[in-house]
Amino acid sequence: MTTITTLTTTTTLDEKRPAIYHEELLIEQRQNARITSRTAQTTQTASTPSPTQRALLLHAAQQPYALVSDHAIPTLLHKDEILIKVTAVGLNPIDWKGPAFNFGIPSLPWVNGRDLAGIVVQAPETTSAAPSRLRKGDLVLVPSTDYRDIRKAAFQEYAVATHFNAARIPASSCAHAAASVGVAFVAAILALGVSFGVDFSGIAECPGPNLVDVLGDVDVGTIPADVRDECLASREGIERPKRGDWIAIWGASTTTGLLTLQIARLAGLKTICVADIARHGSRLHAAGADILIDRHDTTRALEIIRGITGNNLRYAIDIVGRETSTLLQSALNAEIRADGSHAHLLGLTGLPKGEQRDERIVYHTVPIKLFHSSPEVGGAMVLWLERLLETRTLVLPEIVRAEGGLEGANGALEVLRRGDASGKRIVLSLE
Ligand SMILES: NC(=O)c1ccc[n+]([C@@H]2O[C@H](COP(=O)([O-])OP(=O)(O)OC[C@H]3O[C@@H](n4cnc5c(N)ncnc54)[C@H](OP(=O)(O)O)[C@@H]3O)[C@@H](O)[C@H]2O)c1
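Encoded structure:
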């Protein structure tokens, strides 16, 4: 693992930021806690939470994040929530794309950050449904998909999470590597398990949930309206991939791609992975890719996909953008079969538009908010993630650990934006 210290940059202190949280509840957080860090297997004293903390604030689009030291520590608002002392933050492309292109910012100033690991410092004894499975002192990772709730953002020293969105990190795993995996895991599982309807329950190495069945028990009215159709898209058995079917993944070297290929393979699918093979082939091969195709000659890549699948590809996931998803759709066999089933294309970053679309193909976007809006789905996913980590069934992404805490974020995001992190996740260490 490489440690980069050069990523640390100087950021501005902004003393004027208004406190927007419920400070009266902060009393509860002023306890000295002896926290057992299971990574280090040593007992350490968690610093006493004070009413304010350091956080990175976004004051305007196209601006760097500003480090402030007077941001209110978020408070728990209901029994399903826990408070986490953040020790590691995994950086995602959206952390620079959001400010750069002015999206995913509900208001200003805002706190961003989607992947964190840390120590639980506050946990109710019982959740609204059952005794809490999480305790003070647990080391957890949290994919913070609920970006509209500023309390849950990762770019701060303390963050709130719901218990069904926090996975315990086993003692055998590195907390920093675990911080790199959350959002990519959520995207991969929802894409495969909900949008395509892949059943994970038959995986011999580490059985997972059948999310179509999990959703079948959920009151449809509780599924957010804008993702409801996507969540119900693969209820029909004939549309769902079966063991031995091919799936093509364009952008397999992304963190999301690395996880998608492993999960697809565990579920019995045959994976065709498009990436820069000179750079990433060895890693993708080690992760179990069945077929590797270099991304640089796209015409040839499409010919190879058609050839290998006998021109019968029915499932494809693009993790790069509209241009590549449009290419990838041309490798699908778009015919509607005699049983009425369709070819399926999921785009994580863009899909063909307008006339570029083929009406016979079913297009999917990942219903990411299902993870935080459905306790049933979120809970099933984090429990499976815990087992996948515990049993070391998943190969985790390589990480670049950036020392220097939140101060290093702007520099690290610039490395990410330039593409210099190529295939590795940058993780800020807040220890
Ligand atoms: N919709 C959602 O909810 C959701 C959720 C998760 C992720 N995403 C999106 O999915 C994308 C991937 O996210 P991530 O975090 O997994 O990415 P990441 O790990 O940061 O991806 C970096 C990788 O992308 C590869 N890449 C860049 N351009 C490529 C191209 N033209 N063809 C193939 N590979 C290319 C790079 O390979 P090289 O070394 O060859 O350049 C590098 O290995 C992002 O756009 C992200 O915003 C969306």
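Numbering follows the UniProt record's numbering, with no gaps: position 100 of the sequence shown is 100.
Glycine included, C-beta positions come from ideal geometry on N, C-alpha and C.
It should be emphasised that the depicted structure is a prediction, and the values quoted were computed from it without experimental measurement.
Is Val111 near ligand 1 - that is, is its Cβ less than 8 Å away from at least one heavy atom of it? Position 111 of the sequence shown holds residue 111. Taking the Cβ of Val111 as the reference point, every heavy atom of ligand 1 lies at 8 Å or farther away.
Leaving aside the five residues before and after Val382 along the sequence, list all residues of the same chain whose C-beta is less than 6 Å from its C-beta, in chain order. Taking the sequence shown and counting its residues from 1, the one referred to as residue 382 is at position 382. Only Ala167 meet the Cβ criterion.
Counting along the chain, where does the alpha helix (DSSP H) carrying Leu328 start and finish? Taking the first residue of the sequence shown as position 1, residue 328 is located at position 328. Run containing Leu328: 322 to 329, per the alpha helix (DSSP H) assignment.
Considering only C-alpha positions, which residue in the set Ala187, Pro124, Ile105 is nearest to Ile263? On the sequence shown, residue 263 is found 263 positions in, with the first residue counted as 1. If we check each option's Cα against that of Ile263, Ala187 comes out closest.
Any idea what DSSP makes of Ile4, helix, strand or coil? Position 4 of the sequence shown holds residue 4. Annotation note: pLDDT 37 at Ile4 (below 50); position unreliable, coordinate value reported separately. Three-state result, Ile4: strand.
Residue range of the beta strand (DSSP E) that residue 432 falls in? The question about residue 432 has no answer here: the residues shown for the chain are numbered 1 through 431.
Spatially closest choice to Gln122 from Gly113, Pro131, Gly137, by CA coordinates: Position 122 of the sequence shown, counted from the first residue, corresponds to residue 122. Taking only the C-alpha atoms, the option nearest Gln122 is Gly137.
Which same chain residues end up closer than 7 Å to Thr126 when comparing Cβ atoms and leaving out the 5 residues on each side of it in sequence? By 1-based counting over the sequence shown, the position of residue 126 is 126. Within its own chain, the residues whose Cβ lies closer than 7 Å to the Cβ of Thr126, once the five positions on either side in sequence are excluded, are Lys79, Ser132, listed in chain order.
With respect to the beta strand (DSSP E) encompassing Trp250, which residues constitute its N-terminal and C-terminal limits? Position 250 of the sequence shown, counted from the start, is the residue given in the question as residue 250. Element bounds for Trp250: 246 to 250.
Please say whether Arg387 and Gly268 have beta carbons closer to each other than 9 Å? Residue numbering aside, residue 268 sits at position 268 when the sequence shown is read from its first letter. Residue numbering aside, residue 387 sits at position 387 when the sequence shown is read from its first letter. No, the Cβ-Cβ distance between Gly268 and Arg387 is not below 9 Å.
Neighbourhood of Ile361 by C-beta, 8 Å cutoff - its chain only, sequence neighbours within 5 removed: Translated into the one-based positions of the sequence shown, residue 361 becomes position 361. Correct list, in chain order: Gln329, Leu332, Ala334, His342, Ala343, His344, Leu345.
Measure the beta-carbon distance from Val212 to Gly202 and round it to whole angstroms, keeping in mind my assumption that it falls under 8 Å. Reading the sequence shown from its first residue, position 212 is the one you call residue 212. Reading the sequence shown from its first residue, position 202 is the one you call residue 202. Not quite, the Cβ-Cβ distance comes to about 13 Å (not below 8 Å), so this is no contact.
Is Arg337 near ligand 1, in the sense that its beta carbon is under 8 Å from a heavy atom of that ligand? Position 337 of the sequence shown, counting from 1, holds the residue named residue 337. Checking every heavy atom of ligand 1 against the Cβ of Arg337, none is found closer than 8 Å.
Whole angstroms are fine: how far does the CA of Tyr147 sit from the CA of Val160? As a working note, residue 160 is residue 160 in the sequence shown. As a working note, residue 147 is residue 147 in the sequence shown. Roughly 12 Å between the two C-alpha positions.
May I ask you to list the residues that DSSP assigns as paired with Ala117? Position 117 of the sequence shown, counting from 1, holds the residue named residue 117. The beta-bridge partner set that DSSP reports for Ala117 consists of Ala88, Leu141.
Run the proximity test for Asn102: is its beta-carbon closer than 8 Å to any non-hydrogen atom belonging to ligand 1? The residue you call residue 102 lines up with position 102 of the sequence shown. Asn102 Cβ: outside cutoff for every heavy atom of ligand 1.
Where are the alpha helix (DSSP H) runs, 4 residues long or more, that stay fully inside the region 158 to 182, in chain order? The region 158 to 182 contains these whole alpha helix (DSSP H) runs: 175 to 178.
Quick check on DSSP: helix, strand or coil for Glu81? Here the question's residue 81 lines up with position 81 in the sequence shown. Three-state DSSP puts Glu81 in a strand.
When burial is assigned at 16 or more other CB atoms within 10 Å of the CB, is Asn410 buried or exposed? The sequence position of residue 410 within the sequence shown is 410, counting from 1. With 16 or more other Cβ atoms within 10 Å, it is buried.
Proximal residues to Ile304 (C-beta, below 6 Å), its chain only, five neighbours per side dropped: As a first step, residue 304 must be located in the sequence shown, where it is residue number 304. The residues are Ile293.
Taking all protein chains shown into account, do 16 or more other C-beta atoms lie within 10 angstroms of the C-beta of Lys242, making it buried, or fewer, making it exposed? For the purposes of this step, residue 242 is taken as residue 242 along the sequence shown, with counting starting at 1. Its Cβ having fewer than 16 others within 10 Å, Lys242 is exposed.
Lys416 CB to nearest heavy atom of ligand 1 below 8 Å: Looking up residue 416 in the sequence shown gives position 416. The amino acid occupying residue 416 in the given sequence is Leu; Lys does not appear at that position. Correct: Leu416 has its Cβ closer than 8 Å to ligand 1.
Does any heavy atom of ligand 1 sit closer than 8 Å to the C-beta of Asp276? Position 276 of the sequence shown, counted from the start, is the residue given in the question as residue 276. Checking the Cβ of Asp276 against ligand 1 gives yes.
Any heavy atom of ligand 1 closer than 8 Å to the CB of Val181? In the sequence shown, the residue the question calls residue 181 occupies position 181. Val181 Cβ: outside cutoff for every heavy atom of ligand 1.
Comparing the CB of Leu348 with every heavy atom of ligand 1, is any distance shorter than 8 Å? Start at 1 with the first residue of the sequence shown, and residue 348 comes out as number 348. Under cutoff, so the answer is yes.
So, using beta-carbon positions, are Leu57 and Val111 closer together than 9 Å? As a working note, residue 57 is residue 57 in the sequence shown. As a working note, residue 111 is residue 111 in the sequence shown. In this structure, Val111 lies closer than 9 Å to Leu57 by Cβ.
Asn165 CB to nearest heavy atom of ligand 1 below 8 Å: The residue given as residue 165 occupies position 165 in the sequence shown. At a threshold of 8 Å, Asn165 does not count as near ligand 1, since its beta carbon sits no closer than that to any of the ligand's heavy atoms.
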